[in-house]
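Quick notes on the structure that follows.
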Amino acid sequence: MDTLTNPLKPLKRTTSSAFDASRKRTLKEAGLRTEEHTNMVGIYLDIDPWTNPQDPEDVILASRRELERRMTVAEARYANPRGKPPNHRIRVYWVFPSEAQTAEEVFKEAWIYNMAFEEILERGKVFGFPVLLDGCCVVEILRPENRRKMENVSVTDAGYCSWEDFLSKVKPAFPDKDNPGTYVGFWISSGTV
């Protein structure tokens, strides 16, 4: 597992630093979505079709598997999927402020947000989708029946005082092609095992 020496610090959505042109171009060329005049970046994850979209724990775990697959499987890489999700997979949209220079760094930030959601769920906090984490990261399931009011959660729901407290106690270990991690072997590419 790849580690990050200086953990990426989540920024509030209201941050004023906008994308510079070269960074925006780099992320768009990598296949990620960037907002025009802000520092927001979006990634689409096509999660397992057997995931229960009404169960936040199931969605967050499936998102972790897909993040891991995209970070480790050479042919998957970072580009957002286009068109209709294949094999009845469920598309989940993650959007958050980022000052990342590369798609790899964006996915590491998403990994950290995913860890925060996992911690919140482990502490028994229940939420639905779309959900906003500490005013910075939105996770939404792109299905018509999921158009509901935004729910808010925080790392304080998991017993942490702040993001700094969370990042000081939870050390992310990112998957890479040499150490794919726990879930990558479970991904089904053609609908068969």
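Just so we're aligned, residue 27 is where the sequence shown starts under the working numbering, counting upward by one. The C-beta atom is built at its ideal place from N, Cα and C for all residues, glycine as well.
- Message: Restricting to runs no shorter than 3 residues, where is the beta strand (DSSP E) found entirely within the segment 36–114?
- Response: 66–73
- Task: Below 8 Å on the Cβ atoms is my guess for E61 versus I73; work out the distance and round it to an integer in Å.
- Result: The residue labelled residue 61 in the question sits at position 35 within the sequence shown. The residue labelled residue 73 in the question sits at position 47 within the sequence shown. The Cβ separation is near 23 Å, so there is no contact.
- Task: Please go through the same chain and pick out, in chain order, the residues whose beta-carbon is closer than 7 Å to the beta-carbon of N78, but skip the five residues on each side of it.
- Result: In the sequence shown, residue 78 corresponds to position 52, counting from 1. These residues qualify, in order along the chain: D84.
- Message: Measuring alpha carbon to alpha carbon, tell me which residue in R96, P111, L193 and L158 is nearest P123.
- Response: Position 97 of the sequence shown, counted from the first residue, corresponds to residue 123. Nearest C-alpha to P123: L158.
- Query: So I167 and I116 are in contact, right, with Cβ under 8 Å, and what is the actual spacing, rounded?
  - Reply: Looking up residue 167 in the sequence shown gives position 141. Looking up residue 116 in the sequence shown gives position 90. Indeed they touch by this definition, with Cβ atoms about 6 Å apart.
- Message: So, with DSSP's three-state summary, where would you put Y139?
- Response: Translated into the one-based positions of the sequence shown, residue 139 becomes position 113. In this structure, Y139 counts as helix in the three-state DSSP scheme.
- Query: To the nearest angstrom, how far is it from the Cα of A199 to the Cα of F192?
  - Reply: Numbered from its first residue, the sequence shown carries residue 199 at position 173. Numbered from its first residue, the sequence shown carries residue 192 at position 166. Those two C-alpha atoms are separated by around 14 Å.
- Item | Outcome for G68 when other beta-carbon atoms lying within 10 angstroms are tallied against a minimum of 16 | The count along the sequence shown starts at 1 and reaches residue 68 at position 42. By the 10 Å Cβ count, G68 comes out buried.
- To the nearest angstrom, report how far apart V196 and Y186 are at their CA atoms. To locate residue 196, count along the sequence shown from 1; it is residue 170. To locate residue 186, count along the sequence shown from 1; it is residue 160. Approximately 10 Å between the Cα atoms of the pair.
- Backbone CA spacing between I146 and A136 [nearest angstrom]: For the purposes of this step, residue 146 is identified with residue 120 of the sequence shown, where counting begins at 1. For the purposes of this step, residue 136 is identified with residue 110 of the sequence shown, where counting begins at 1. So the two alpha carbons sit approximately 15 Å from each other.
- Would a C-beta distance cut-off of 8 Å place P201 and T128 closer than the cut-off? One-based indexing of the sequence shown puts residue 201 at position 175. One-based indexing of the sequence shown puts residue 128 at position 102. Cβ atoms of P201 and T128: not closer than 8 Å.
- Message: Per the DSSP calculation, R117 is bridged to which residue(s)?
- Response: Along the sequence shown, read from residue 1 onward, the residue named residue 117 stands at position 91. DSSP, once it has assigned bridges, lists D72 as partnering R117.
- Taking DSSP as the reference, what is the three-state secondary structure of L168? By one-based count along the sequence shown, residue 168 stands at place 142. Three-state DSSP puts L168 in coil, outside helix and strand.
- Message: Given this structure, state the Cα-to-Cα distance separating V121 from C163, to the nearest angstrom.
- Response: Taking the sequence shown and counting its residues from 1, one reaches residue 121 at position 95. Taking the sequence shown and counting its residues from 1, one reaches residue 163 at position 137. If I take the Cα positions, the gap works out to 6 Å.
- Residues of its chain near S42, where Cβ-Cβ distance is below 7 Å and the 5 sequence neighbours each way are ignored: The count along the sequence shown starts at 1 and reaches residue 42 at position 16. Per-residue confidence for S42 stands at a pLDDT of 45, beneath the threshold of 50, marking its modelled position as unreliable; the derived number appears in the next sentence. Answer for S42: no residue qualifies.
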